[in-house]
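**Student:**
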Amino acid sequence: MPAAILLIAFTHYPTVATVIDSLFSKATAIRPSRFVGVLNYQRMLDDPIFWKVLANNAWFALGTIPTSIALAILMALFVNRSIPGRSLVRMAYFTPTVLPMIAVANIWLFFYTPDIGLIDQIASWFGFSGHNWLGDPTTVLPAIMVMTVWKEAGFFMIFYLAAMQNIPPELEEASQLEGATRWYYFRRVMFPLLMPTTLFVLVNAVLNSFKLVDHLFVLTKGGPDNASNLLLYYIFETAFSYFETHFAAALTVVLLILLSVMALLQFFLLDKRVHYR
Amino acid sequence: MSRIDIRELAKQWGLVVAVDQVSFTVAKGSLTVLLGPSGCGKSTILRLIAGLENVSSGSIAIGGNEVTHMDPAKRGVSMVFQSYALFPHLNVRENIIFGLKVRGISQSERHSRLDESARMVGLEELLNRKPAQLSGGQRQRVALARSIVSRRRVCLMDEPLSNLDAKLRAEMRDEIRSLQQKLGLTMVYVTHDQVEAMTMADQVVLLKKGRVEQIGRPHELYERPQTTFAAQFMGSPPMNLLKLDLIEERSALAVACGGTLSPDRLTDGYIGVRPEHVQVGSSGLPVRVSATDYLGAETVLRLAHGGQTLFGKIDGHRRYNPGEQLHVSWSEEAVHRFGADGIRIEDPYRASS
Ligand SMILES: Nc1ncnc2c1ncn2[C@@H]1O[C@H](COP(=O)(O)OP(=O)(O)OP(=O)(O)O)[C@@H](O)[C@H]1O
Ligand SMILES: [Mg+2]
Chain W
10 MPAAILLIAF THYPTVATVI DSLFSKATAI RPSRFVGVLN YQRMLDDPIF WKVLANNAWF
70 ALGTIPTSIA LAILMALFVN RSIPGRSLVR MAYFTPTVLP MIAVANIWLF FYTPDIGLID
130 QIASWFGFSG HNWLGDPTTV LPAIMVMTVW KEAGFFMIFY LAAMQNIPPE LEEASQLEGA
190 TRWYYFRRVM FPLLMPTTLF VLVNAVLNSF KLVDHLFVLT KGGPDNASNL LLYYIFETAF
250 SYFETHFAAA LTVVLLILLS VMALLQFFLL DKRVHYR
Chain B
31 MSRIDIRELA KQWGLVVAVD QVSFTVAKGS LTVLLGPSGC GKSTILRLIA GLENVSSGSI
91 AIGGNEVTHM DPAKRGVSMV FQSYALFPHL NVRENIIFGL KVRGISQSER HSRLDESARM
151 VGLEELLNRK PAQLSGGQRQ RVALARSIVS RRRVCLMDEP LSNLDAKLRA EMRDEIRSLQ
211 QKLGLTMVYV THDQVEAMTM ADQVVLLKKG RVEQIGRPHE LYERPQTTFA AQFMGSPPMN
271 LLKLDLIEER SALAVACGGT LSPDRLTDGY IGVRPEHVQV GSSGLPVRVS ATDYLGAETV
331 LRLAHGGQTL FGKIDGHRRY NPGEQLHVSW SEEAVHRFGA DGIRIEDPYR ASS
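These protein sequences, in sequence, are chains W and B. Counting in this note's numbering, the first sequence runs from 10 upward without gaps. Counting in this note's numbering, the second sequence runs from 31 upward without gaps.
1. Need the endpoints of the alpha helix (DSSP H) that Leu63(W) sits in, please.
2. Given the structure, does Glu179(W) come close to ligand 2, in the sense that its CB is under 7 Å from one of the ligand's heavy atoms?
3. Contact defined as beta carbons within less than 8 Å: I believe Val235(B) pairs with Val242(B). What is the distance between those atoms, to the nearest angstrom?
4. Would you mind telling me which residues of chain W sit closer than 7 Å to Ser113(B), beta carbon to beta carbon, in chain order?
5. Once DSSP output is grouped into helix, strand and coil, what is the label at Phe137(W)?
6. Would the C-beta of Asp188(B) count as close to ligand 2, meaning under 7 Å from any of its heavy atoms?
7. Say the cut is 7 Å; is the CB of Lys41(B) nearer than that to a heavy atom of ligand 2?
8. Relative to the C-alpha of Gly299(B), which residue among Glu354(B), Val365(B) and Leu356(B) is closest?
9. Cβ-heavy atom distance between Lys197(B) and ligand 2 below 7 Å?
10. Which same chain residues, not among the five before or five after Met264(B), have their C-beta less than 6 Å away from its C-beta?
11. Counting only C-beta atoms, is Met109(B) closer than 8 Å to chain W at any point?
12. Can you give, in chain order, each stretch of the beta strand (DSSP E) that sits fully within the segment 105-146 of chain B and has at least 3 residues?
13. Can you list the residues of chain W that Gly129(B) reaches, using a CB-CB cut of under 9 Å?
14. Sorted by chain position, which residues of the same chain lie with C-beta nearer than 7 Å to Ala236(W)'s C-beta, five sequence neighbours on each side aside?
15. Is Gly71(B) buried or exposed, if buried means 16 or more other CB atoms sit within 10 Å of its CB?
16. Step through the CB atoms of chain W and report whether any lies within less than 8 Å of the CB of Leu174(B).
17. Give the C-beta separation of Leu203(W) and Ala172(W) to the nearest angstrom, bearing in mind that I take them to be a contact with Cβ-Cβ under 8 Å.
18. Examine chain B for any beta-carbon lying closer than 8 Å to the beta-carbon of Tyr193(W), and answer yes or no.
19. Compare the beta carbon distance of Val212(W) and Met156(W) with 8 Å and say whether it is the shorter of the two.
20. Given that Val132(B) touches chain W, what residues does it touch there, using C-beta distances under 8 Å?
21. By DSSP, does Asn95(B) sit in helix, in strand, or in coil?
22. Can you tell me where the alpha helix (DSSP H) with Phe156(W) in it begins and where it stops?
23. Only counting the same chain, and skipping five residues up and downstream in sequence, which positions put a Cβ closer than 7 Å to that of Arg77(B)?
24. May I have the straight-line CA-CA distance separating Ile167(W) from Leu54(W), to the nearest angstrom?
25. Would you check whether ligand 1 has a heavy atom nearer than 7 Å to the C-beta of Ser68(B)?
26. Output needed for Pro123(W): all residues of its chain with C-beta closer than 8 Å, excluding positions within five of it in sequence on either side, in chain order.
27. Considering only residues of the same chain and omitting the five flanking positions on each side of Arg199(B), which have a CB-CB separation below 7 Å?
28. So the alpha helix (DSSP H) Ile206(B) belongs to, where does it begin and stop?
29. Does the beta carbon of Val210(W) sit closer than 8 Å to a beta carbon anywhere in chain B?
30. Determine contact between the segment 361-375 of chain B and the segment 336-353 of chain B, defined as no fewer than three beta-carbon pairs at a distance below 8 Å.
31. Using DSSP with H/G/I as helix, E/B as strand and the rest coil, what is Pro305(B)?
32. Of all the alpha helix (DSSP H) runs that stay within the bounds of the segment 225-269 of chain W, which reach a length of 4 or more residues?
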């Protein structure tokens, strides 16, 4: 029972309250809040910023998730071999993960600063002129994606590493005796055996890509011209900068639906291929 | 074509010497058992033959070709692992033909070879199951089928039966042996179980701490053990070894040994007697019964003389009580004589000093 009370108090009640909120209009000095039905949702469909933010988020997810998963597997494969100073290398890969996103963003802010930032300084040795990575609408989203990949890959690597160490080494030896190349072994044995991890990581990565906002506070505030704005940050702005709480509630409901649909889809689509036991 | 020659093989890991100057030959189509206690280097030798470990020194030849540094897949050996090493995400069929697919063998040939090998080990009904849905014995069969289907002439097995219960182990033992003979495989079989070694082997290589202790046919190891270690490793209960310098009543011992050994020749080293050769009688070495194990067809007596323990295997229906005083003796031919260094002394009549 106490668990149910906590669940209702902290999860179900706010959700329901948000849904109800989203059906009311904004209260002004002359007019109190009143029930408007799906008006907030209609407004959303007509809101170009909403579509822009949604598209940004889709690109953000597409750009970061496959890359960080591929990178995580590569790093885990590398660290899984017996190399000298293995635990040190593992720590090094893991460091980005233990840092808070705000701190990570500050580090990357230094990398990206025009002219005096690390990237521009290195580029200048090779004769490239400075570039305002975060100020240019065409490069700001990729710049943020690179940073996200850098942070997430190390985190996912830990899961892959743990999964790889659970694979008995005889499996590789048996395939080696059969004449399988490393790549064949990876493709036909190791990768399928890593599927449960991949599903877990994938769900996490998708949720993360819609949940991450911390770095936007430090780096771009969603700008320039909403070029790096993501859904959750847009909700935050709507609610706390423009005080459009009811519109923000409607946006939140959409975000919740999106996340649930994606999580369910992944489970149902991948479930069959994952559980080999 | 598929005989294995191992010459002065050695393997070290830093200061750990796992295999030390091991040499032996496995004749084509025969089964050699590598036998020894845990940690004596059996698995390491097998993995060196397979190419899963690098050799420190020495050489390995298969079918007359030097393979010491050759790629494992090119050596023409198949291997059955102790843990079976089945791929958990593939069904039995895919597990068996994994290697054939790797090597790009045509579908029709894969099919016929799969059928043939599945039939040989009795897996026809289970081809669509995943390894997790199989019993231990069935997994073992999949591992066997994977080895058979490869049609490689040399088969290496690392304690393949150690995860099975006693009854199944006896069954699989016979099955592996008859498959090996039917297919004419050259097999190296690792075990620490001397019963497996006795029942299956054409040749036993007994190992101790990475070194060869004795090589021979099972009955040679049993009947003419070259060292006290070999004497005690084969047989259950093991051979009785009496340390001579601890025995006061040398003349009683001489009587127990049939009377032709003079007591002053029984001064140091050991004499060994198999438990089944111990006879209870009115003369010989005085002993006290300390325990009896009734096993149905026979009874194993645990006997004490001074501080030393002897086992005697006698007919099942003779009853003795703990504490009873008896005399034991054995025939002269049953006596094995070992020096103080544990090495066999061939002619007990000339074994004086
Ligand atoms: N990778 C390794 N690194 C260091 N030492 C090893 C390694 N593999 C084996 N050894 C050592 O080599 C010796 C022989 O090991 P091996 O596995 O061959 O024994 P075994 O006879 O197969 O024993 P068991 O019956 O327990 O399987 C052991 O002392 C072991 O500790
Ligand atoms: Mg072993």
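Even glycine gets a Cβ: it sits at the ideal position worked out from N, Cα and C. Computed from a predicted structure; not experimentally measured.
**Tutor:** Taking the coordinates as given:
1. Your numbering for residue 63(W) matches position 54 in the first sequence. For Leu63(W), the enclosing alpha helix (DSSP H) stretches over residues Pro57 to Asn89.
2. For the purposes of this step, residue 179(W) is taken as the residue at position 170 of the first sequence. Incorrect: Glu179(W) has no Cβ contact closer than 7 Å to ligand 2.
3. For the purposes of this step, residue 235(B) is taken as residue 205 along the second sequence, with counting starting at 1. For the purposes of this step, residue 242(B) is taken as residue 212 along the second sequence, with counting starting at 1. The Cβ separation is near 6 Å, so the contact holds.
4. For the purposes of this step, residue 113(B) is taken as residue 83 along the second sequence, with counting starting at 1. Per Cβ cutoff of 7 Å: Pro177 and Glu179.
5. Taking the first sequence and counting its residues from 1, the one referred to as residue 137(W) is at position 128. Coil, per DSSP.
6. Here the question's residue 188(B) lines up with position 158 in the second sequence. Checking every heavy atom of ligand 2 against the Cβ of Asp188(B), one is found closer than 7 Å.
7. By 1-based counting over the second sequence, the position of residue 41(B) is 11. Relative to ligand 2, the beta carbon of Lys41(B) is positioned no closer than 7 Å to any heavy atom.
8. The residue given as residue 299(B) occupies position 269 in the second sequence. Residue Val365(B) is the option with its Cα nearest to Gly299(B).
9. Stepping through the second sequence from its first residue, residue 197(B) is reached at position 167. Taking the Cβ of Lys197(B) as the reference point, every heavy atom of ligand 2 lies at 7 Å or farther away.
10. Working through the second sequence from its first residue, we reach residue 264(B) at position 234. Only Gln224, Leu251 and Tyr252 meet the Cβ criterion.
11. Locating residue 109(B) in the second sequence gives position 79, counting from the first residue. The beta carbon of Met109(B) falls within 8 Å of a beta carbon belonging to chain W, placing the residue at that interface.
12. As far as the segment 105-146 of chain B is concerned, its whole beta strand (DSSP E) runs of at least 3 residues are 107-110.
13. As a first step, residue 129(B) is located in the second sequence; it is residue number 99 there, counting from the start. What Gly129(B) touches in chain W: Ala183, Ser184, Leu186, Glu187, Gly188 and Ala189.
14. Numbered from its first residue, the first sequence carries residue 236(W) at position 227. Take Ala236(W), set aside five residues on each side of it, and the residues of its chain with a beta-carbon closer than 7 Å to its own are Pro146, Val149 and Leu150, in chain order.
15. Here residue 71(B) corresponds to residue number 41 of the second sequence, with the count starting at 1. A residue is called buried when at least 16 other Cβ atoms come within 10 angstroms of its Cβ; Gly71(B) meets this threshold and is buried.
16. Position 144 of the second sequence, counted from the first residue, corresponds to residue 174(B). With 8 Å as the cut-off, Leu174(B) does not count as an interface residue toward chain W.
17. Sequence index remark: in the first sequence, residue 203(W) carries index 194 (1-based). Sequence index remark: in the first sequence, residue 172(W) carries index 163 (1-based). About 5 Å; that satisfies the 8 Å criterion.
18. In the first sequence, counting from the first residue as 1, residue 193(W) sits at position 184. Yes, Tyr193(W) lies at the interface with chain B (some Cβ there is under 8 Å from its Cβ).
19. Sequence index remark: in the first sequence, residue 212(W) carries index 203 (1-based). Sequence index remark: in the first sequence, residue 156(W) carries index 147 (1-based). The beta carbons of Val212(W) and Met156(W) sit no closer together than 8 Å.
20. In the second sequence, counting from the first residue as 1, residue 132(B) sits at position 102. Residues of chain W with a Cβ closer than 8 Å to the Cβ of Val132(B) are, in chain order, Ser184, Glu187, Gly188, Ala189 and Tyr193.
21. Here residue 95(B) is taken as the residue at index 65 of the second sequence, counted from 1. When DSSP states are grouped into helix, strand and coil, Asn95(B) belongs to the strand group.
22. In the first sequence, the residue the question calls residue 156(W) occupies position 147. The amino acid at residue 156(W) is misidentified as Phe; the sequence shows Met. Taken as a continuous stretch (DSSP letters only), the alpha helix (DSSP H) holding Met156(W) covers Pro146 to Gln174.
23. The count along the second sequence starts at 1 and reaches residue 77(B) at position 47. Its chain contains Glu83 as the residues whose beta carbon lies nearer than 7 Å to that of Arg77(B), once the 5 sequence neighbours on both sides are disregarded; these appear in chain order.
24. Taking the first sequence and counting its residues from 1, one reaches residue 167(W) at position 158. Taking the first sequence and counting its residues from 1, one reaches residue 54(W) at position 45. C-alpha separation (whole angstroms): 40 Å.
25. Within the second sequence, the letter at position 38 stands for residue 68(B). Indeed, a heavy atom of ligand 1 lies less than 7 Å from the Cβ.
26. Working through the first sequence from its first residue, we reach residue 123(W) at position 114. Within the same chain, Cβ atoms closer than 8 Å to the Cβ of Pro123(W) are found at Asp129, Gly139, His140, Asn141, Trp142 and Gly144, the five residues on either side in sequence being excluded.
27. In the second sequence, the residue the question calls residue 199(B) occupies position 169. Its chain contains Leu191 as the residues whose beta carbon lies nearer than 7 Å to that of Arg199(B), once the 5 sequence neighbours on both sides are disregarded; these appear in chain order.
28. If you number the second sequence from 1, residue 206(B) lands on position 176. Segment Ala196 to Leu213, the alpha helix (DSSP H) holding Ile206(B).
29. The residue given as residue 210(W) occupies position 201 in the first sequence. Not an interface residue.
30. Using a C-beta cut-off of 8 Å, the segment 361-375 of chain B makes no contact with the segment 336-353 of chain B, since fewer than three inter-stretch Cβ pairs fall below that distance.
31. As a first step, residue 305(B) is located in the second sequence; it is residue number 275 there, counting from the start. Here Pro305(B) sits in helix by DSSP.
32. Considered as a whole, the segment 225-269 of chain W harbours 240-249 as its complete alpha helix (DSSP H) runs of no fewer than 4 residues, in chain order.
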